[in-house]
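Residue numbers (our numbering), protein chains in the order written: chain Z, 6 to 690; chain B, 795 to 1107.
Below is one structure, written out as C-alpha cells; the observations come after it.
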Amino acid sequence: MTNPLLSVRDLKVSFPSETGTVDAVRGISFDLKAGRTLGIVGESGSGKSVTSLAIMGLLDENVRISGSITFDGQELLGKSDKQLSAIRGNGLAMIFQDPLSSLTPVFSIGDQLIEALTVHRKLSKRAAWARAVELLETVGLPNPERRMKSFPHEFSGGMRQRVVIAIAMANKPKLIIADEPTTALDVTIQAQILDLIAKAQSETGAAVIMITHDMGVVAKTADDVLVMYAGRPVEKAPVHELFHRTRMPYSIGLLGAIPRVDKAEKQPLVPVKGNPPLLINLPDACPFASRCPIAIDACHTREPDLVDVGNEKMGEHHAACIRSHEITDGGLIDGRRVFPLPDVSERALAGVPREDRPVTLEVRNMTKTFPLMKGAFLKRKLGEVHAIRGISFDIREGETMAIVGESGCGKTTTLLQIMDLVEQVDGDILIGGTSVADVRGGHAERTLRRDIQIVFQDPMGALDPRMTVADIIAEPLRAIGTKKAESETRVDELMDLVGLDPSHSNRFPSAFSGGQRQRIGIARALATNPKVVVLDEPVSALDVSIQAGVINLLDELKAKLGLSYLFVAHDLSVVRHIADRVAVMYLGAFVEQGSVNEIFEDPQHPYTQALLSAIPIPDPDIERTRERIVLTGDLASATDQSGGCSFASRCQLFKVLPPEDQARCLGEVPPLTGPENHRNACHFR
Amino acid sequence: MIVVATNLTYFLAWGFLDPRNNYVGRRPPLSEDQVVQLLQPRNLSDTVSLLERWWNWFSGVIFRWDWGVSPVGQSVNDQVAYRMWVSAELVLGATILATVLGIALGVYTASRQYKIADRIGQATSIITMNINIVVAALGIVLLAIGFNNMVGTTVFFVTGSASPDVTGFFPIIIDALQHLILPTVALVIIGYAGTHFLQRSLLLDNINADYVRTARAKGLTKGQAIRKHALRTSLIPVATQVAFTIPTVFMGAILTESIFGWNGMGRYFLETIAKNDIHGTVAIAAFGAVLTAIGALLADIAVVVLDPRVRVS
Ligand SMILES: Nc1ncnc2c1ncn2[C@@H]1O[C@H](COP(=O)(O)OP(=O)(O)OP(=O)(O)O)[C@@H](O)[C@H]1O
Ligand code: SF4
Ligand code: SF4
Ligand SMILES: [Mg+2]
C-alpha cells in the first residue's frame, strides 16, 4: 500500500464573528492517493470551500485551524505563509469557482501564466513564454500565441476557466483542488472543462479534490465521495457505494431531491424540509435531526460519529447516523422510504387535451435587435446584435413552456419583451387573446399586466430589503388599486398558499432563507391572480434540497390554479421535470421546439443532442458508460450574420457531412420544420 | 476651456478690483489726470471702455504673449516666469512625497487591517488631515528653530526659497534643499492623509478579490500578491485623484508660501489682489486653468499606463 498523498486528520476551522464563533469545519478526516479523485458534496455553507482553503493555507490569519494536514510527507498546518507559498502552485494547485473574477483584470493572460511558472523556478524569458504557449495549447485555447497578449476581459467564462486550469497545471502539481469549477458555466462548457480537468489529471498523475454541489458531476468524476453537512462529513464511501447503498438520511435526501434529465415519470421531487443549522454554538446532537424524517430521541442527545458501516465484501463505507444500520438500499427503512413521497395533487386540467384549452400567451415572430456601439465619447454604430430572430410559440392554460439555452442566447431578452409589452414590428404578443399593440397606457394596460407576472432568478436581489414581506406581496395589488383591508387578507392567503407562515408577514426579507424568499417572490407574482407567470431561472440560485420544494410548489400551484408558466432555465433536468413543452434556443432563434418527452427522448437537432448529452446524470453507472457529444468552441456571437445555420461553427453533424451538404448549411438558414409537437431547424434532421 | 475661463476672470476681476484705489489717499493726493496718465499706458484705466481694454489685453496675449503689466508697471510675464518655478519646486515635491507616503501607508495599513499598526496609522492621519496649514507650518518652524539652536548652525532655513550669495552646483542644491524641507514637510503633513485613506479603502476592497487569491494559489506570498495584483488595480483611482488635486495643492501653497516667505505663485496671488493688479490676477487664473488641464491629462496618462484594458480598446 502506498502512502496517501494528502492526509487530513480532524481538521477544524472556526471564524471569529460578531455573533459568536462560527465553527465552519468541525472535524474532517480523509486520505487521498495520487491519481484518485475525491468528490466533496454538500449544501451551500456546509464548509466545502473553507476545507479547501484550509488545505491551501489561504485562510486569513485570524481564523483558528486545528488538526493536521499532511501533504506529500509534510505537515502544512503551522507553516508560515512564505513556506507555504513554495508549495502552493507547485505541488498543490487550485481552480476556483468564478472564472470571471479569478484573473487579474490588468495583467495579460501571458503575464499571469508566466508568473505562475517563474515564481517557482528560474526560467529564461523565452523558455517561460514557450512553456506558457504550450500550456494554453493543452487547455485548448485556439491561437495560443496571440492569446498570450490578451486580457481577461476579452475572454468568455469558459475560456477564462481554461486559463485558470492552465495556471493550475503549470508546475505539474501533485494535487489539484477544484472548488465548483463549473458552477458558473453553461452545460456544454462544463462538459469541456470537466474533460479538461480529467486530462490534466491523467497527464500529471495528480490527485484531485472535486468540490461541487452537483451530484451529476460527482457521479461523473469522483472515485470516492465525502458528503458534508454543517461542517462535518456525514457519509464517506466509494462512488458506487454512495450512490447505490446510501446509508445516511441527508445523503438520501440530497439524491432524492434532484430532478433527473433521463427519467420521464412525473414523480414529485422529495425536498428536504427546513434549513441547515447556523454554525454557532451547535448543540451536541445530530445536526440534521431537525430536518430528518426518521429522527428519534437518541439523535438529540449526542452528535453521531462517522463510523464504518461497510462490510467485508463492499469495503469501507462511513456514515454518521445512529440508525444507518437500519437503512437498506434504495433509501428504505423498515421497507418504507426514509423520505416519504409528497402527495401528488391531481391536475384539474390533466384530462383536457391541449387543443381544447384556451391560449393564454401567444408570441408571433418576435424579434429584437440592439445597436452595437463602439467608442467612449463618439459612439459609432458598428452593426446590430440580433438578440432575438423571429421566435413564435403559444402557451395554453395549465401548461408550462420552457425555453432552454446557454447564457447569452436571448432567453432573458425574450422575457423582457413580453413583460414590457413591446410592440413587434412584424409580429405580435397576445396575452389572453389581447394584442399588446392594442393597449397603450392607462387602464387597458393595467388590466393586461395583471394577467402576466414575473418571478426573478435571484431571491436576494429581487426583494427590497427595506420593505416588509406583506408590503412586498401587496405591491402589485396596490398598483391595481386594491383596498388595504382586502389586500391584507389576500397577503395572508397568498403566504399560506406558498407555504409560508402568515404570522411572519411583518418581517423583512433578510429574516428569510433563499428558498423562502423565492416563495415570497412567487406569492407576490400570484397576488393579482395572473393567467401567466413568467419565471426567470427561479431555482438556479437555490440548493438542491431547497430547490425541490420550490419546484413542487410551482407544480402544485399550476395544478391548483390552472396557471400557465413561461419558464426560462439553463438546467435541463429541472425543465424536464416541470415543463410540458420546451423550446431550445440558440443565438436568438429556436432550433427545436415541441413536447418535453418528444424532445428529451428523441432529440433531433445536433445542438439539442449535445446539450442533453452534456448534462451529468447523478448515477455513476449510467454516467460513466454513456456516449457523449462534446461540443467544441464557445457560443458564437449574435453579431455574426452569415446567412447560414448559426450553429454550423460548432455542429458535430456538420463536420461529417459531404461538402455539398455543408455548403447548404452555410448558405441557407434552416427553417423550423416538422409536426407541431416536435419541430427542429436542421436541414438534415 | 482655458481661454473661456481666463476671459471670464478678466471681466470678473474688473468687477471686483479697481486699480484707481491704489492712488486713493496718496500724499500728496494725485489729480484725476495724473492717475489716468499713470494707468492708461498700462491698459488699466477705466476711462477707456471695458471692451476696448479687454481687446487690448487679449490681443496682447494672443499676438505677443504679453500678459500685461501691473499698476506699477511690472511685467506680469516676468513675475510669473520666475515665480512659477519657485512654486513648482515646492508643490511638485510636496505632491510627490505626499502621494508616495499616502500610498505606502495605505498599503501598509491595509495589509494589517484592524491591527495596532493600522489603528495608529489611521488615527495619525485623521489628526494630520485636520491640522490647519498655519498651525502645521508654525509648529514646524518652531521645531526647526529649536533644532538649529541645538546643533548650533542653521540647518533649516525658515524663510525664503534660496540664499542669495551661494555659488557652485552642489552648494546651490544643498542650499535649496535646506530651504525646501520645511514648507514641503508642512504641505506633506496636511496632504498625505487623503491619499492614505483612499488607498487603504480601495486596497481593502481588492485584497479579498478572487484574483488575489488566485495569485496566492500560484505561489505568491500574501504580501507579494497584494503588492503586485491588488495594488495595481487599486492605484488607478488613486492616480486619477492625485492628478486632479495638483491645482488644489498649488492654491494650498498660498499660505505656506506666505509663512515661509517664498516668492511663489501663491504669494503672488495675495499680492496681486491686494494691489488691484488685474492682469496679474488673470494670469494666475489662467495658470490655474492650465494646471487643471495638465492634471486631467496626467490622470489620463496614469490610467493608460496602469490599465492596459484602456490601451487595448
Ligand atoms: N471569512 C469568513 N468569516 C466568517 N465566516 C465564514 C468565512 N468564510 C466562510 N464562513 C462561514 O463558514 C461556513 C462554511 O462556508 P463555506 O464557504 O466553506 O461553504 P461551502 O460549502 O463552500 O458553500 P458553497 O456551496 O456556498 O460554496 C459558512 O457558514 C460561512 O458563512
Ligand atoms: S442520527 Fe438521527 S437525526 Fe441524525 S441522521 Fe441519523 S436518524 Fe437522522
Ligand atoms: S443545418 Fe447543418 S450546421 Fe445546422 S445543425 Fe443542421 S447539420 Fe448542423
Ligand atoms: Mg464554496
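Where is the CB? At the ideal position from N, CA and C, for every residue including glycine.
Predicted model only: the values in this text are computed from it and were never measured.
### Task
List the DSSP bridge partners of Z/MET590.
BP columns for Z/MET590 point to Z/PHE595.
Please list, in chain order, the chain Z residues whose beta carbon lies closer than 7 Å to that of B/LEU1014. What B/LEU1014 touches in chain Z: SER90 and VAL124.
*asked:* Measuring only from the beta carbon, is Z/MET220 closer than 7 Å to any heavy atom that is part of ligand 2?
replied: Answer for Z/MET220: no, Cβ out of range of ligand 2.
| query | How is Z/THR75 classed by DSSP in three states: helix, strand or coil? | reply | In this structure, DSSP gives Z/THR75 an extended state, which the three-state scheme calls strand.
If you follow the beta strand (DSSP E) that Z/PRO514 is in, where does it begin and where does it stop? If you look at Z/PRO514, you'll find it isn't in any beta strand (DSSP E); DSSP assigns it neither H nor E.
Report task. Tell me whether Z/LEU658 counts as near ligand 6, meaning its Cβ is closer than 7 Å to at least one heavy atom of that ligand. Result -> Absence of ligand 6 from the depicted structure is noted, with ligand 1, ligand 2, ligand 3 and ligand 4 being the only ligands included.
Under a Cβ-count criterion, where at least 16 other Cβ atoms within 10 Å of its own Cβ denotes burial, should Z/ASN316 be classed as buried or exposed?
Exposed: under 16 other Cβ atoms inside 10 Å.
By the criterion of Cβ-Cβ separation under 9 Å, what are the contact partners of Z/ILE172 in chain B?
Residues of chain B passing the Cβ test: THR1008, ALA1011 and LYS1012.
Rounded to whole angstroms, what's the CA-CA distance from B/THR1008 to Z/ILE170? Just pull it up for me. So the alpha carbons of these two residues sit roughly 11 Å apart.
message: According to DSSP, is Z/LEU421 part of a helix, a strand, or is it coil?
response: In this structure, Z/LEU421 counts as helix in the three-state DSSP scheme.
Express the C-alpha separation of B/GLY819 and B/THR1086 in angstroms, rounding to a whole number. A straight-line Cα-Cα distance of about 39 Å links B/THR1086 and B/GLY819.
- If you measure from the beta carbon of Z/PHE76 to each beta carbon in chain C, is any gap under 8 Å? Annotation note: the requested chain C is absent from the structure, which comprises protein chains Z and B.
task = To the nearest angstrom, report how far apart Z/LEU259 and Z/VAL124 are at their CA atoms.
result = So the two alpha carbons sit approximately 42 Å from each other.
| query | Going by Cα to Cα distance, which pick from Z/VAL427, Z/GLN422 and Z/GLY432 is closest to Z/GLY446? | reply | The candidate whose alpha carbon is nearest that of Z/GLY446 is Z/VAL427.
Can the beta-carbon of B/GLY1082 be found less than 8 Å from the beta-carbon of B/SER881? B/GLY1082 is not a Cβ neighbour of B/SER881, given a cutoff of 8 Å.
| message | Considering only their Cβ atoms, is the gap separating Z/PRO104 from Z/GLY145 smaller than 8 Å? | response | No, the pair does not count as a contact, with Cβ atoms beyond the cut-off.
- Mind the definition here: the stretch 506–519 of chain Z touches the stretch 468–478 of chain Z only if three or more C-beta pairs lie below 8 Å; say whether that holds. With a cut-off of 8 Å, the stretch 468–478 of chain Z and the stretch 506–519 of chain Z count as touching, because enough Cβ pairs lie within range.
State yes or no: is the C-beta of Z/GLN609 within less than 8 Å of the C-beta of Z/CYS687?
-> At a Cβ-Cβ threshold of 8 Å, Z/GLN609 and Z/CYS687 count as neighbours.
B/ASP1094 by DSSP, collapsed to three states: which one?
DSSP places B/ASP1094 in helix when its eight states are reduced to three.
Margin query: On the CB-based measure, 16 or more other CB atoms within 10 Å of its CB, does Z/ASP626 come out buried or exposed?
Written below: Answer is exposed; the Cβ neighbour count stays below 16.
What residues from chain Z crowd round B/THR1027, counting only those whose CB sits closer than 9 Å? For a Cβ distance threshold of 9 Å, residue set THR109, PRO110 and VAL111 of chain Z lies close to B/THR1027, ordered along the chain.
For a test of the three-state rule: what should DSSP assign to B/TYR908, helix, strand or coil? Coil.
- Interface partners of Z/PHE101 on chain B, CB under 8 Å: The answer, in chain order, is ASP1004, ARG1007, THR1008 and ALA1011.
Inset, instruction - Quick one: measure Cβ to Cβ for Z/PRO543 and Z/GLN462, integer angstroms, because I've assumed they're closer than 8 Å. - result: So it is a contact: roughly 7 Å between Cβ atoms.
Under 7 Å by beta carbon: chain Z residues contacting B/HIS1023 = Near B/HIS1023 (Cβ distances below 7 Å), the residues of chain Z are THR109.
Check your understanding: What residues of chain B sit near Z/LEU1, judged by a beta carbon separation below 8 Å?
Key -> Residue 1 of chain Z lies beyond the range of chain Z shown here (6 to 690); nothing can be said about it.
Backbone secondary structure at Z/ASP310 - three-state DSSP:
In this structure, DSSP gives Z/ASP310 a state outside helix and strand, which the three-state scheme calls coil.
Problem - Unbroken beta strand (DSSP E) run spanning Z/ALA584, endpoints - result: First-last for Z/ALA584: undefined, no H or E at that position.
Worksheet item: Which chain B residues sit within Cβ distance under 8 Å of Z/VAL275?
Response: Under the 8 Å cutoff, chain B gives no residues; its nearest Cβ is about 35 Å from Z/VAL275.
Pull up the DSSP beta-bridge partners for Z/PRO243, would you. For Z/PRO243, which the question treats as bridged, DSSP gives the partners Z/ASP229.
**Item:** Exposure of B/TRP861, with buried meaning 16 or more beta-carbon neighbours within 10 Å
**Value:** Buried is the call here.
query: Nearest chain B C-beta to Z/LYS84 closer than 8 Å, yes or no?
result: Answer no: the Cβ-Cβ gap between Z/LYS84 and chain B never drops below 8 Å.
Length of the line joining the Cα atoms of B/GLU846 and B/PRO1041: So the alpha carbons of these two residues sit roughly 31 Å apart.
Can you say whether B/TYR876 is buried or exposed, counting buried as having 16 or more other CB atoms within 10 angstroms of its CB?
-> Counting the other Cβ atoms within 10 Å of the Cβ of B/TYR876 gives fewer than 16, which makes it exposed.
- prompt: According to DSSP, is B/ASN871 helix, strand or coil?
  reply: Taken through DSSP and simplified to helix, strand or coil, B/ASN871 comes out as helix.
Worksheet item: How would the residue list near ligand 2 read, in chain order, if you kept each one whose beta-carbon is closer than 7 Å to any heavy atom?
Response: Ordered along the chain, the selected set is Z/MET253, Z/PRO254, Z/TYR255, Z/CYS291, Z/PHE293, Z/ALA294, Z/CYS297, Z/ILE299, Z/ALA300, Z/ILE301, Z/CYS304, Z/PRO309, Z/CYS326, Z/ILE327, Z/ARG328 and Z/SER329.
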